[in-house]
Amino acid sequence: MVHWDASERKAITSVWAKVDCEADGLQALLRLLVVYPWTQRYFSKFGDLSTAEAIMSNPNVKAHGLKVFSALDEAIKHMDNIKGHLKELSLLHSETLNVDPANFTLLGNCVLIVLAAKLGAEEFNSETHATWEKLMAVVSAGLSKQYY
Ligand code: HNI
1 MVHWDASERK AITSVWAKVD CEADGLQALL RLLVVYPWTQ RYFSKFGDLS
51 TAEAIMSNPN VKAHGLKVFS ALDEAIKHMD NIKGHLKELS LLHSETLNVD
101 PANFTLLGNC VLIVLAAKLG AEEFNSETHA TWEKLMAVVS AGLSKQYY
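For what it's worth, my numbering labels the leading residue of the sequence shown as 1, then goes sequentially.
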C-alpha cells in the first residue's frame, strides 16, 4: 500500500481544492491530444480533433476532461486505496478500450503541467510537484494493474 505522510496529504488536498474539474480537465486533455497526437486515435468518435482550436471547442473533449478529472477526484477521496478503487476503471481501459497503459503516464504529465501553470512556482513548489508526481504515478499504476 502507498503511504502518504501529513505534508503529502496536505499538498494533494490543498492543490485539488483549487482545481476546476471542467476547465482544468479540458486543459489536460487538450494538452494530451496536441502534444501526443497519437492519443487521438482512441477518441475517433469524438469528432473534429484536427487543430488545437478544434479540440478546445469540441464538446466531447470537454465532457471527457470532466469525466477524467471527476475520476481523479474520487481517487483522491480514496487516497489510501487508490489501486483498489481504480480496479473497475483499469479493467475498462484494459479489456474494453484497449488503451496502451504508457498513455496514462503521458496524461499524468499533462495534469502536472496544467496544475503548475495554474498555481505558479510559489504554490506548486518542488515539494508539491514531487507529491503530485507520486500521486499521478500511483493513479497510473492503479489504472495499469488489471492489464496482463
Ligand atoms: Ni480514460 C473513458 C478516466 C486516461 C482513453 N476514462 C474513461 C472514463 C473515465 C476515465 C472515468 C469513463 C468511464 C466510463 O464511461 O465508465 N482515463 C481516466 C483517468 C485517466 C485516463 C482517471 C488517467 C489519469 N483514458 C486515459 C488515457 C486514454 C484514455 C491516457 C487514452 C490515451 N478513457 C479513454 C477512452 C475512454 C475513456 C477512449 C472512452 C471514451 C468514450 O466516451 O467512449
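The beta carbon of each residue, even a glycine, is placed where N, CA and C say it ideally should be. A quick note: this is a predicted structure, and the numbers were derived from the prediction, not measured.
Could you pull out every residue in the same chain whose Cβ sits closer than 8 Å to the Cβ of Leu30, ignoring the five residues on either side in sequence? Within the sequence shown, numbered from 1, the residue matching residue 30 stands at position 30. The beta carbon of Leu30 sits closer than 8 Å to the beta carbons of Ala52, Ile55, Met56, Val61, Gly65 from its chain, once the five residues preceding and following it are set aside; these are given in chain order.
Where in the region 18 to 87 do unbroken runs of the alpha helix (DSSP H), each at least 4 residues long, occur, reported from the N-terminal end onward? DSSP runs (the alpha helix (DSSP H)) wholly in the region 18 to 87: 21 to 35, 52 to 56, 59 to 77, 82 to 85.
Report, in whole angstroms, the separation of the C-beta atoms of Val114 and Asp20, which I expect to be a contact under 8 Å. Indexing the sequence shown from 1 puts residue 114 at position 114. Indexing the sequence shown from 1 puts residue 20 at position 20. Rounded, the Cβ-Cβ distance is 10 Å, inconsistent with contact.
In whole angstroms, what is the alpha-carbon distance linking Asn58 and Asn81? For this step, residue 58 is matched to residue 58 along the sequence shown. For this step, residue 81 is matched to residue 81 along the sequence shown. So the two alpha carbons sit approximately 34 Å from each other.
Just to confirm before moving on: does the CB-CB distance between Thr128 and Val34 stay below 9 Å? On the sequence shown, position 128 is the one that residue 128 refers to. On the sequence shown, position 34 is the one that residue 34 refers to. No. Outside cutoff.
For Leu26 and Gly120, the rounded distance between their alpha carbons: Walking along the sequence shown from the start, residue 120 turns up at place 120. Walking along the sequence shown from the start, residue 26 turns up at place 26. Straight-line spacing of the CA atoms in Gly120 and Leu26 works out to 19 Å.
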